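J.: Position one of the sequence shown corresponds to residue 646 (the numbering used here), numbered consecutively onward.
For each residue, glycine too, the CB sits at the ideal point set by N, CA and C.
All values reported here derive from a predicted model rather than from experimental measurement.
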Amino acid sequence: RWRSQRHPRAMARKTFLTATSTTPRPAGDYPWYFCEWFYPHETIRREALRAERALERMENVVEYPWKAINFRTWIRDFYFPAIHAHHDAEERILGPHFRALLEKAGEDSIILQVWGSNEHNHDGLLRLMDQVEKQAEALCVGVQGLACINSSQQQVEAAQGLLFTLRSTFQTFKVYTFAHLEAEELVWPKIFERFGQQEVTKAIQKVIRKDMSAKGKLADAFNSFAGALLDNAACPQTVPKSAPAPVPDALHLDPWCSEVIIRKFLDQAPWIARKFVFPGFRKRYAMHWKPMIDSICSDKDHLRLQPDGSQSEVKSGCFCLSAS
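Here is the structure:
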């Protein structure tokens with residue numbers, strides 16, 4: 646009875662899975678060995694879709710150059726560092742951990758399926774990310790000062806060309822990323838199921854220790870990505886008490902999993918993390934990174950970033966700390 650009061654019964658809710666590696670379940674009740682991959686992968690995919698929507702709404706970037714600054718800063722300081730951290734964990738921790746177990750078990754066929762395939766190689770993805778970041782920076786430079794009446798039509802057309810190029814490259818990145826993540830999801834959940842939750846927990850604890858030791862911008866990106874994970878799963882225990890109102894034209898998706906799934910995820914963490922750390926991560930995402938990308942879908946600049954991506958002023962009581 647005491648436990649039921651502490652953990653009230655989760656309500657059924659509508660869900661939407663972006664992954665195509667398994668059959669969607671309307672209730673969002675996926676096996677644990679899929680969920681361990683969907684937590685980060687669904688977040689990566691959904692944030693890509695969020696950015697894609699923002700790029701679609703940047704036709705007036707010459708009139709509102711802050712939109713280019715927001716997109717560049719979001720890519721440079723949040724989204725791409727989070728992807729880098731995720732793939733570093735795969736290559737340096739998860740991969741070696743489970744390869745050693747597979748070699749010990751003599752399961753050569755699975756080893757070849759994973760480490761002999763392109764899905765384990767992140768080089769192509771890294772090149773695309775570098776291109777997107779450089780083109781986003783070029784757009785920031787290209788639109789500065791064009792809102793004045795002295796701008797020539799040639800300058801405006803050049804800026805629109807930069808936007809078109811950025812959209813095209815980001816679309817290529819998105820398609821490549823989705824295929825890459827799906828290839829991983831066709832192999833890795835089977836490995837997780839093969840060795841069980843206890844072994845997976847050992848490996849994930851190594852990842853957490855590595856991520857928690859990060860400092861500066863990398864730490865902010867990791868913590869904020871954890872907040873994005875909780876937000877995309879609509880975790881009821883970590884909803885900020887105050888957050889900016891949703892931007893009407895921004896992307897809005899149903900959570901990918903059931904409330905039971907995300908509650909189980911939180912239950913694995915120490916109580917102090919559930920009570921204080923995770924809500925802080927989600928607040929950081931909800932108050933800073935999410936409005937940074939979503940506001941592009943409107944004409945209202947919520948954060949007023951400087952050209953370098955920093956904020957010149959932090960209002961008392963606001964969690965929108967400087968991105969620099």
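Examine the Cβ distances between the stretch 773-783 and the stretch 715-726 and report whether three or more of them are shorter than 8 Å.
T.: yes
J.: Tell me Q956's beta-bridge partners as DSSP assigns them.
T.: Here residue 956 is taken as the residue at index 311 of the sequence shown, counted from 1. Beta bridge pairing from DSSP links Q956 with L950.
J.: Comparing C-alpha positions only, which one of G751, E829, R949 sits nearest to E735?
T.: The residue labelled residue 735 in the question sits at position 90 within the sequence shown. Answer by Cα proximity: E829.
J.: Quick one: what's got a C-beta closer than 7 Å to Y821's C-beta in the same chain, skipping five residues either side?
T.: On the sequence shown, residue 821 is found 176 positions in, with the first residue counted as 1. G769, L770, L773, listed in sequence order.
J.: Rounding to the nearest angstrom, what Cα-Cα distance links V786 and F725 in this structure?
T.: Locating residue 786 in the sequence shown gives position 141, where the first residue counts as 1. Locating residue 725 in the sequence shown gives position 80, where the first residue counts as 1. Each residue's Cα considered, the two are about 20 Å apart.
J.: For G962, count neighbouring Cβ atoms within 10 angstroms of its own Cβ and tell me buried if that reaches 16, exposed if not.
T.: Residue 962 sits at position 317 when you count from the first residue of the sequence shown. Only weak support exists for where G962 lies, its pLDDT of 40 falling under 50; the value from the coordinates is given anyway. G962 comes out exposed.
J.: Along the alpha helix (DSSP H) that carries T883, what are the first and last residues, could you check?
T.: On the sequence shown, position 238 is the one that residue 883 refers to. Where T883 is concerned, there is no enclosing alpha helix (DSSP H), given that its DSSP letter is neither H nor E.
J.: Between W833, R698, R929, which has its C-alpha nearest F815's C-alpha?
T.: By 1-based counting over the sequence shown, the position of residue 815 is 170. That would be R698, whose Cα lies nearest to the Cα of F815.
J.: Check each candidate in K851, P936, T665 and name the one with the smallest Cα separation from R737.
T.: Taking the sequence shown and counting its residues from 1, one reaches residue 737 at position 92. Closest by alpha carbon: K851.
J.: Nearest CA to the CA of V935: which residue from Y684, Y678, T688, R658?
T.: For the purposes of this step, residue 935 is identified with residue 290 of the sequence shown, where counting begins at 1. What sits at residue 935 in the sequence shown is Lys, not Val. Per the Cα distances, T688.
J.: Apart from the five residues on each side of it in sequence, which residues of its chain come closer than 7 Å, Cβ to Cβ, to Q842?
T.: In the sequence shown, the residue the question calls residue 842 occupies position 197. If we look at Q842 and ignore the five residues flanking it on each side, its Cβ neighbours are W677.
J.: Reducing DSSP to helix, strand and coil, say where R721 ends up.
T.: As a working note, residue 721 is residue 76 in the sequence shown. It is helical.
J.: What runs of the alpha helix (DSSP H), each 4 residues or longer, lie entirely inside the stretch 759-835?
T.: Listed in chain order, they are 768-788, 798-830.
J.: What does the Cβ neighbour count give for T665, buried or exposed, with the cut at 16 atoms within 10 Å?
T.: By one-based count along the sequence shown, residue 665 stands at place 20. With fewer than 16 other CB atoms across the displayed protein chains lying within 10 angstroms of its CB, T665 is exposed.
J.: Out of A713, W901, L747, state which residue places its alpha-carbon closest to the alpha-carbon of D876.
T.: Taking the sequence shown and counting its residues from 1, one reaches residue 876 at position 231. Per the Cα distances, W901.
J.: One question on the structure: do I941 and R702 come within less than 7 Å of each other, judged by their Cβ atoms?
T.: Numbered from 1 along the sequence shown, position 296 holds the residue referred to as residue 941. Numbered from 1 along the sequence shown, position 57 holds the residue referred to as residue 702. Yes, Cβ-Cβ distance for I941 and R702 is below 7 Å.
J.: How big is the Cα-Cα spacing for A888 and Y930?
T.: Stepping through the sequence shown from its first residue, residue 888 is reached at position 243. Stepping through the sequence shown from its first residue, residue 930 is reached at position 285. Rounded to the nearest angstrom, the two C-alpha atoms are 10 Å apart.
J.: Quick check on H897: buried or exposed, where buried means 16 or more other Cβ atoms within 10 Å of its Cβ?
T.: For the purposes of this step, residue 897 is identified with residue 252 of the sequence shown, where counting begins at 1. With fewer than 16 other Cβ atoms within 10 Å, it is exposed.
J.: Which same chain residues, not among the five before or five after A804, have their C-beta less than 8 Å away from its C-beta?
T.: In the sequence shown, counting from the first residue as 1, residue 804 sits at position 159. Once the five neighbours on either side are set aside, the close Cβ partners of A804 are V706, V707, L784, G787, V788, L791.
J.: As a quick exercise: from A727, L662, P741, E692, pick the residue whose alpha carbon is nearest that of F679.
T.: For the purposes of this step, residue 679 is identified with residue 34 of the sequence shown, where counting begins at 1. The residue with the shortest Cα to Cα distance from F679 is L662.
J.: Applying the 10 Å Cβ sphere with the 16-neighbour rule, what's the burial state of W711?
T.: One-based indexing of the sequence shown puts residue 711 at position 66. Classification for W711: buried.
J.: Which of helix, strand or coil does DSSP assign to C902?
T.: Within the sequence shown, residue 902 is the residue found at index 257, counting from 1. Annotated three-state conformation of C902 is coil, per DSSP.
J.: For L807, collect the residues of the same chain with a Cβ closer than 6 Å to its Cβ; drop the 5 residues on either side in sequence, then sort them by chain order.
T.: Here residue 807 corresponds to residue number 162 of the sequence shown, with the count starting at 1. A783, L784, G787, listed in sequence order.
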